[in-house]
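Residue numbers (the numbering used here): 152 to 353. For each residue, glycine too, the CB sits at the ideal point set by N, CA and C. These notes concern the structure reproduced below.
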Amino acid sequence: MTRSSERQYFDDDPSVPSAPVDVTWSLPDGPLVLTTDRGVFGRGQVDTGTKLLLVTLGAPPPTGDLLDLGCGTGAIALTMARRSPGATVWAVDVNRRARELCAANAARHGLTNVRVCAPDEVPDDVVFAEIWSNPPIRIGKAALHDLLDRWLGRLAPGGVAMLVVQKHLGSDSLQRWLSDHGHPTDRLATGAGFRVLRVRDR
152 MTRSSERQYF DDDPSVPSAP VDVTWSLPDG PLVLTTDRGV FGRGQVDTGT KLLLVTLGAP
212 PPTGDLLDLG CGTGAIALTM ARRSPGATVW AVDVNRRARE LCAANAARHG LTNVRVCAPD
272 EVPDDVVFAE IWSNPPIRIG KAALHDLLDR WLGRLAPGGV AMLVVQKHLG SDSLQRWLSD
332 HGHPTDRLAT GAGFRVLRVR DR
């Protein structure tokens, strides 16, 4: 990913020219082909952290509402949708190009239980049985904390969030912050320089 793309994957409307390329993910559920693009996280590559999350986790709850926070091109959302076809997966991202790609990738795989939307388009009464996310660490600590507080507050009773965070970008300090701010958090897995954190409903 170029530095320009890194700066823009959390922008509402990336200005870098489009240059789509397909990527194939090898997952326990079978291959997942995603169209990626410039200005969107993970362009032209299988992201190591996201893959660790998907390989570590099994199926999310079979029904109810699930959330992929910061969906990008849809690796997490589409995997959740394949594993739990009876659930509704909300694929949320501020990035318009990412949302378009995620929707197209879901259609490509015939996944009709994925709802792609901007953050403010999720109805206020929707709560989530489970949240999976590779959160946008590079938006800065304060913005990240606000983002997580907002969405973790929408976990259903007994719900959990699964987050993958790179160790050298602050996974351990984030775990402490979450626990200190009323979101009990433990470490589920470690690999390839990443941690998978499990955050429980307070």
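- Look at THR230 here: in three-state DSSP terms it is helix.
- Minimum Cα-Cα distance from LEU298 among the listed residues LEU185, ALA226, LYS318 and ASP271 corresponds to ASP271.
- Taking all protein chains shown into account, ASP244 has 16 or more neighbouring C-beta atoms within 10 Å of its C-beta and is therefore buried.
- A buried status is given to ALA242, since no fewer than 16 other beta-carbon atoms sit within 10 Å of its beta-carbon.
- Residue pairing by DSSP puts VAL240 in a beta bridge opposite LEU217 and VAL265.
- LEU220 and ALA226 have their alpha carbons spaced roughly 12 Å apart.
- Judged by their CB atoms, TRP302 and LEU218 are nearer to each other than the 8 Å cut-off.
- Within its own chain, the residues whose Cβ lies closer than 7 Å to the Cβ of VAL174, once the five positions on either side in sequence are excluded, are LEU185, THR187, GLY195, GLN196 and VAL197, listed in chain order.
- For the pair ARG234 and VAL191, the CB atoms are not nearer than the 8 Å cut-off.
- Under the DSSP assignment, VAL315 falls in the beta strand (DSSP E) whose first and last residues are 306-317.
- Counted as a single uninterrupted DSSP element, the stretch harbouring GLY223 is not any beta strand (DSSP E), since DSSP gives it neither H nor E.
- Assigned with DSSP and collapsed to three states, ASP180 falls in coil, not helix or strand.
- Contact between the stretch 252-260 and the stretch 309-328 is not established, with fewer than three Cβ pairs separated by less than 8 Å.
- The beta carbon of LEU229 sits closer than 7 Å to the beta carbons of LEU183, ASN256, ALA257, HIS260, LEU262 and VAL265 from its chain, once the five residues preceding and following it are set aside; these are given in chain order.
- Excluding residues up to 5 positions away in sequence, ALA343 and PHE345 lie with their Cβ nearer than 7 Å to the Cβ of THR199 in the same chain.
- Annotation: the continuous beta strand (DSSP E) that includes VAL347 extends over 345-351.
- Taking C-beta atoms as the reference points, VAL206 and ARG189 fail to come closer than 8 Å.
- VAL240 is the residue among ASP331, VAL240, PRO212 and ILE282 whose C-alpha sits nearest the C-alpha of VAL267.
- ALA280 counts as buried, since no fewer than 16 other beta carbons sit within 10 angstroms of its beta carbon.
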